[in-house]
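Engineer: Next up is a structure, given as structure tokens.
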Amino acid sequence: MPSLIDFRRRIRSVKNTQQITKAMKMVSAAKLRRAQEAVLAARPFANMLGQMLGNVARAAAGSDAVKELPLLQQRESVKKAVMVVISADRGLAGAFNSNVNRGAQKFMQEQAGVTFEIESIGKKGRDYFRRRAFSISGDHQNFSRKPVYADVAAVAAKVSQRYAAGEVDAVYVAYNEFKSVMTQRLQVEQVLPVPLAESADTTEYIYEQPAEVLLASLLPRYVEVELWRSVLESTASEHAARMTAMDAASRNASEVIERVTLQMNRVRQASITREIIEVVSGASALK
Amino acid sequence: MAGTFELEVATPDRLLVREQVTDAEAPGRNGYLGILPDHAPLLTELAPGILTYTTAGGKRSVVVGGGWMEVLPTGVRVLATVAENPNEIDLKRAEAALDRAERRLKESGEMDIPRALAAAERARARVAAAAQFGR
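Chains A and B, in that order, are what the protein sequence lines are.
Heads up: the first sequence is residues 187 to 473, going by our numbering.
Heads up: the second sequence is residues 691 to 825, going by our numbering.
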């Protein structure tokens, strides 16, 4: 039977933990707001760029110069590919990290005959795939604290260059898409070769520059912006996931405190009752 | 009188303009071009410069640091690598950047010339916009 002191100690320790989880929840809530604004502001550009790219590529599909563009070329057989995994640098965010890691791994296993390399953004993804002996071509950290466009652009330039050089035949990105504070959904998307949205209507454009010149400048930018948006989505998701997880932890701590307090009171009451019995029986023995 | 069309100006980190406008003038790579309602579909690369447009509330402008413009039957989309309202420009910083870029061009040597040229162009556009539209 634990003594009263043991109970008090346990309550105090749970309270301390609860204070930490509460503080982490508050911090995440503040960061979430900023990250959410950033991702909402970044979506229009990414969408518009994707549409513009699709329009140009469709309108100019016949031209040989366009087919020559390295970032549009479809390889006949995909043997080697890069998976850009966007995870968090830190844990305590519920299922956030394992979600993206497992999802990416599952996707890679489904692509039979393709050797994957991991280009990791975020420490948790790197750790996960290193433990499982995947080959890691790049490791980038500290993106989610305050995402910087130039950092992401450097990763985009690296994978684009490797694709253009023929070192790899495809590039994918795995990240948690920010749906709402309560839901984040795993997304695995193809980045290279640039997937073009299907649409029946083609517009006849007046080109100020030849289509292949426009595409040559649009395509690298598209890769950058896709990764940039993914990083922002992931950052917002990370804070949302951590906030939800820490909220659950704080609530759980309250429950534990309640339960232990009840037990403690019961034990105290039992000892009081026992003492009274002792006193009463001692008194009656004197009669 | 064909009325208005929708103008959208977006950068990777925000949507700067989404308004009904009666005309727009954009800094195309091959020179400024004016857009009126019902313009034919057009695609162009943009050079650093000043994008002006007219809304019901009067003439406005934003500085763009290069990008692309797509004219569609439904409206005009400008995807800028960088864009700012003139009142957001830090004139001192822009002037310093222009100075730095010009000095680099003169020294040239091992410098990345296209990059320095682009930087100079961007800085010039900012300075011009700040001068034209005041603070």
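Beta carbons are placed, not taken as given, at the ideal position from N, Cα and C, and that holds for glycine.
1) Counting along the chain, where does the alpha helix (DSSP H) carrying residue 230/A start and finish?
2) Hey, how far is the Cα of residue 825/B from the Cα of residue 775/B?
3) When Cβ atoms are compared, which residues of the stretch 700–717 of chain B fall closer than 9 Å to chain A?
4) To which residues of the same chain is residue 362/A closer than 8 Å at the C-beta, ignoring the five residues directly before and after it?
5) Can you find the residues in the same chain that come closer than 8 Å, C-beta to C-beta, to residue 742/B, ignoring five residues on each side of it along the sequence?
6) Among 767/B, 795/B and 814/B, which residue has its Cα nearest to the Cα of residue 232/A?
7) Assign residue 280/A to buried or exposed, taking buried as 16 or more other Cβ atoms, counted over all protein chains shown, within 10 Å of its Cβ.
8) Pick out the complete beta strand (DSSP E) segments inside the stretch 701–732 of chain B, 3 residues or longer, and give them in chain order.
9) Give me the Cα-Cα distance between residue 159/A and residue 257/A, rounded to the nearest whole angstrom.
10) Kindly identify the DSSP beta-bridge partner or partners of residue 736/B.
11) Please confirm if residue 767/B has its CB atom under 9 Å from at least one CB of chain A.
12) Determine the DSSP secondary structure at residue 376/A, reduced to helix, strand or coil.
13) How is the beta strand (DSSP E) around residue 411/A delimited, first residue to last?
14) Chain A partners of residue 719/B, CB-CB under 8 Å?
15) Starting from the Cα of residue 719/B, find the closest Cα among 396/A, 458/A and 198/A and give me that residue.
16) So, is the C-beta of residue 406/A closer than 9 Å to a C-beta in chain B?
17) Give me the Cα-Cα distance between residue 399/A and residue 760/B, rounded to the nearest whole angstrom.
18) Quick check on residue 416/A: buried or exposed, where buried means 16 or more other Cβ atoms within 10 Å of its Cβ?
19) If we call anything under 9 Å between Cβ atoms a contact, is residue 345/A one with residue 270/A?
20) Note down the Cα distance separating residue 437/A from residue 445/A, rounded to an integer number of angstroms.
21) Quick one: residues in its chain with C-beta nearer than 7 Å to the C-beta of residue 355/A, no 5 flanking neighbours on either side, listed in chain order?
22) Would residue 488/A and residue 211/A qualify as a contact pair, given that the criterion is a beta-carbon distance under 9 Å?
23) Give me the chain A residues within the contact set of residue 731/B, using Cβ-Cβ distance strictly less than 8 Å, ordered along the chain.
24) Run the CB neighbour count on residue 722/B, radius 10 Å, all protein chains shown included, and call it buried at 16 or more, exposed below.
25) Name the residue from 339/A, 466/A, 433/A and 343/A whose alpha carbon lies nearest to the alpha carbon of residue 702/B.
26) Can you tell me whether residue 466/A is buried or exposed? The criterion is at least 16 other CB atoms within 10 Å of its CB, across all chains shown.
27) Any beta carbon from chain B within less than 9 Å of residue 403/A's own beta carbon?
28) Could you check what DSSP says for residue 280/A in three-state terms: helix, strand or coil?
29) In the stretch 345–373 of chain A, which residue ranges form an unbroken alpha helix (DSSP H) of at least 4 residues, counting only runs that do not cross its ends?
30) Quick one: give me the first and last residue of the beta strand (DSSP E) that residue 275/A is part of.
31) Between residue 439/A and chain B, is the shortest Cβ-Cβ distance under 9 Å, so that the two count as touching?
32) Can you tell me the Cα-Cα spacing of residue 730/B and residue 814/B, whole angstroms?
33) Tell me whether the beta-carbon of residue 816/B lies closer than 9 Å to the beta-carbon of residue 753/B.
34) For residue 377/A and residue 209/A, I'd like the C-alpha separation in whole angstroms.
Structural biologist: Based on what the coordinates show:
1) 190–245
2) With a pLDDT of 45 at residue 825/B, under the threshold of 50, the predicted position of this residue should be treated as unreliable, though the coordinate-derived value follows. Computed Cα separation, rounded: 10 Å.
3) 700, 701, 702, 703, 704, 705 and 708
4) 272, 282, 285, 286, 370, 371, 372, 373, 419, 420, 423, 424 and 427
5) 714, 715, 749, 750 and 751
6) 767/B
7) buried
8) 704–711, 713–718 and 721–725
9) This structure cannot speak to residue 159/A, because chain A is shown only from 187 to 473.
10) 718/B and 757/B
11) yes
12) strand
13) Looking at the DSSP string, residue 411/A is not in any beta strand (DSSP E); the run it does join, the alpha helix (DSSP H), is 397–472.
14) 394 and 395
15) 396/A
16) no
17) 15 Å
18) buried
19) yes
20) 13 Å
21) 261, 264, 265, 266 and 267
22) Here chain A comprises residues numbered 187 to 473, so residue 488/A is not present and cannot be evaluated.
23) 389, 390, 391 and 392
24) exposed
25) 339/A
26) exposed
27) yes
28) coil
29) none
30) From DSSP, residue 275/A is part of no beta strand (DSSP E); its letter is neither H nor E.
31) no
32) 31 Å
33) yes
34) 38 Å
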